[in-house]
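Visitor: Below you will find the structure I want to go over with you.
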Amino acid sequence: PSLILNTAMAKLFTPLQLGHIGRLTHRVVLAPLTRNRSSEPSLAPSPLAVQYYRQRASNGGLLITEATNISPESLAYPSTPGIWNQEHIDAWRQVTDAVHEKGGFLVCQLWHTGRVAHPSYASHPAAQRYASQTNVPRIPGVTASAVPITNRHGKRGKTVTYDGIEEHAMPRALAADEVPRLLEDYRHAARNALEAGFDGVEVHAAHGYLIDQFLNNGVNQRDDEYGGSAANRCRLLQEVVDAVLDVMPSSKVGVRLSPHESPNGGNTYYGCKDSDPDVVYTHAIKLLNTYNLAYLLMTEPRWVGKHDASPETDPGFQMPLLNLQKFRHLYDGILMGAGGFTPSTMENDYDLLAFGRWFLANPDLPERLRLYHDYQERGGVKPPALNRYERDSFYTQEAEGYVDYPSLDAGNHDKEEHEGMVTGKYALVEQEDVGTSLSAIKSKL
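This note's numbering numbers the first residue of the sequence shown as 25 and each following residue consecutively.
Shown next, in the form of structure tokens:
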């Protein structure tokens, strides 16, 4: 049994050539997250972001940025960053320089939130400035069809704006003749990412945002070339990828998808459902397999929000890998998995594993996992515990819960990345106690 676990875990520390992004020395990836700590009113990454990514960079390690708005039309949450102007480029350059100084690689996730964006964000100073400079305002929110976000009871969902909690608004259907403009926004963002020094970009086509809204017929009720059949609903995804490939080679581009099982169960995002999700996501993955992408990132549908504050008992950490079982055989390239992974659940056919919550709380997560792997293989010194993440600070604007999680050597203050870290502040959890994953695995061996 230990040999099986050790062999699987050793895979995480086997080098991998990731397209033309670079040669990775390990396969522990910082998953793209939503961060709300950009400078106001510019929405450029702040000096805190420079420190955040510097702390998590490692030699030969891959980091994927927080979701980054391609234009003001995408603004859906306070203080999320953009990549549409020179101020953004210059600020992101400081981030990429910090990561590269440590030998790491950084990919920018290109984000359009679609109907999740609230119209009130059009009054944000950064959006107003964009409109005055381009004479083409980007008004949130647009989507595949005029279908609002509702909860399970059919009532409008709630969202966060600068004015507080408000109902999701009725979105506007993106007109077919607006698509070229949207594709140019993606090209523009990709060009800016290259200028900012990123090693590649990731097209966010998951989690109920714009492209995912086009994929799912619970939102996409169009009768033109972008609606109806699975092929038509995948058309925008294909055109966005093609637009980005006008700027950089496919070997520098990743895509994120989040296949789900709704309406028959499984997680969805923002009510983005489909009558037969396996059909449309099968088509999407077969489509993406025709490109020589750097990677495809798939979210496993096992995040359980109400249990998220308790990593020891979160049932998401022991749910099966549904998407891996369904779709691995359809994709010949490098496949990355995200969602509910633990130090003890690394035995699978994903080529890379992306960690969000655990990497947020443990800047040196690859090293902690490596020590855990060594202990499983050879015994000896007990591996270090993990900092226990605190969800209450995930989406705040302060340094707390962002750059103050300590690394194992945080007491050594002669390194720049240690600035801001606070030792002893956060509770610890033993790696083998995360969820019930380890006992579940052992019982099957």
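By construction, the Cβ of each residue, glycine as well, lies at the ideal position given by its N, Cα and C atoms.
I'd like the span of the beta strand (DSSP E) that includes W135, first residue to last.
Guide: Start and end: F129 to W135.
Visitor: Is the stretch 384-398 in contact with the stretch 418-434, if contact means three or more CB pairs nearer than 8 Å?
Guide: yes
Visitor: Between the C-alpha atoms of S98 and V184, what's the straight-line distance to the nearest angstrom?
Guide: Taking the CA atoms as reference points, S98 sits about 14 Å from V184.
Visitor: Alpha carbon to alpha carbon, how far is Y450 from S95?
Guide: 36 Å
Visitor: In terms of residues, what are the limits of the alpha helix (DSSP H) holding Q400?
Guide: Start and end: L389 to R402.
Visitor: Tell me the residue span of the beta strand (DSSP E) that contains F379.
Guide: L376 to F379
Visitor: List, from N- to C-terminal side, the alpha helix (DSSP H) runs of 4 residues or more that fit wholly inside the stretch 296-355.
Guide: Under the rule that a run must span 4 or more residues, the alpha helix (DSSP H) segments found entirely inside the stretch 296-355 read 301-313 and 346-351.
Visitor: When you compare the CB positions of L354 and D375, do they come within less than 8 Å of one another, or not?
Guide: One thing to note: L354 has its Cβ no nearer than 8 Å to the Cβ of D375.
Visitor: Assuming T89 contacts Q133 under a Cβ cut-off of 8 Å, what Cβ separation, rounded to an integer in Å, is found between them?
Guide: 5 Å
Visitor: Does the separation of the CB atoms of L311 and A229 fall below 8 Å?
Guide: no
Visitor: Pick out the complete alpha helix (DSSP H) segments inside the stretch 398-450, 4 residues or longer, and give them in chain order.
Guide: Listed in chain order, there is nothing to give.
Visitor: So, using beta-carbon positions, are G361 and E422 closer together than 8 Å?
Guide: no
Visitor: Since E443 and Q75 are thought to touch, with beta carbons under 8 Å apart, how far apart are those beta carbons, to the nearest angstrom?
Guide: E443 to Q75, Cβ: 6 Å. Contact.
Visitor: Less than 8 Å between the CB atoms is what I'm expecting for R257 and L239, so what's the real figure, rounded?
Guide: Between L239 and R257 the Cβ distance is about 5 Å, and since that is below 8 Å, they are a contact.
Visitor: Roughly how many whole angstroms lie between the Cα atoms of L42 and K179?
Guide: 44 Å
Visitor: Report all residues from its chain with a CB closer than 6 Å to the CB of Y419; omit the five preceding and five following residues, and keep chain order.
Guide: N60
Visitor: With a threshold of 6 Å on Cβ separation, who are the neighbours of A197 within its own chain once the five nearest residues in sequence on each side are excluded?
Guide: Answer for A197: S169 and A170, listed in chain order.
Visitor: Would you mind stating whether R139 and I173 have Cβ atoms separated by less than 8 Å?
Guide: yes
Visitor: Tell me, to the nearest whole angstrom, how far the beta carbon of L317 is from that of G357; I am working on the premise that it is less than 8 Å.
Guide: Indeed, because the Cβ distance is near 6 Å, the residues count as touching under 8 Å.
Visitor: Helix, strand or coil: how does DSSP classify A155 here?
Guide: helix
Visitor: Give the DSSP-derived three-state secondary structure of H228 in the structure shown.
Guide: In this structure, DSSP gives H228 an extended state, which the three-state scheme calls strand.
Visitor: Between the stretch 238-252 and the stretch 36-50, do at least 3 Cβ pairs fall closer than 8 Å?
Guide: No, they do not touch.
Visitor: Restricting to Cα atoms, I'd like to know which of S63, S62 and Y77 is closest to L54.
Guide: Y77
Visitor: Whole angstroms is fine: what's the gap from P161's alpha carbon to K276's?
Guide: 30 Å
Visitor: For G403, is the classification buried or exposed, using 16 other Cβ atoms within 10 angstroms of its Cβ as the cut-off for buried?
Guide: exposed
Visitor: In whole angstroms, what separates the C-alpha of H58 from that of Y293?
Guide: One detail in the question is off: residue 58 reads as Thr in this sequence, not His. Rounded to whole angstroms, T58 to Y293 spans 14 Å at the Cα level.
Visitor: Would you call E208 buried or exposed, if buried means 16 or more other Cβ atoms sit within 10 Å of its Cβ?
Guide: exposed
Visitor: Based on DSSP bridge pairs, tell me the residues matched to K182.
Guide: When DSSP reads this structure, K182 sits in a beta bridge with E191.
Visitor: Here's the rule I'm using: 16 or more other beta-carbon atoms within 10 Å means buried, otherwise exposed. How should L452 be labelled?
Guide: exposed
Visitor: Quick one: give me the first and last residue of the beta strand (DSSP E) that R280 is part of.
Guide: V277 to L281
Visitor: Excluding the five sequence neighbours on either side, which residues of its own chain have a C-beta within less than 6 Å of the C-beta of K126, listed in chain order?
Guide: A81
Visitor: For a test of the three-state rule: what should DSSP assign to L40, helix, strand or coil?
Guide: strand
Visitor: Going by beta carbon distance, what residues of the same chain come within less than 8 Å of L87, once the five residues before and after it are set aside?
Guide: Counting only residues of its own chain and dropping the five nearest sequence neighbours on each side, L87 has a CB closer than 8 Å to the CB of V53, L54, Y77, R80, A81, V123, G128, F129, L130 and V131.
Visitor: Taking only the alpha-carbon atoms, compute the straight-line gap between R246 and Q152 and give it to the nearest angstrom.
Guide: 31 Å
Visitor: What did DSSP end up calling L261 once you bin it into helix, strand or coil?
Guide: DSSP, reduced to helix, strand and coil, places L261 within a helical segment of the structure shown.
Visitor: What's the gap between the Cα of V265 and the Cα of T447?
Guide: So the two alpha carbons sit approximately 43 Å from each other.
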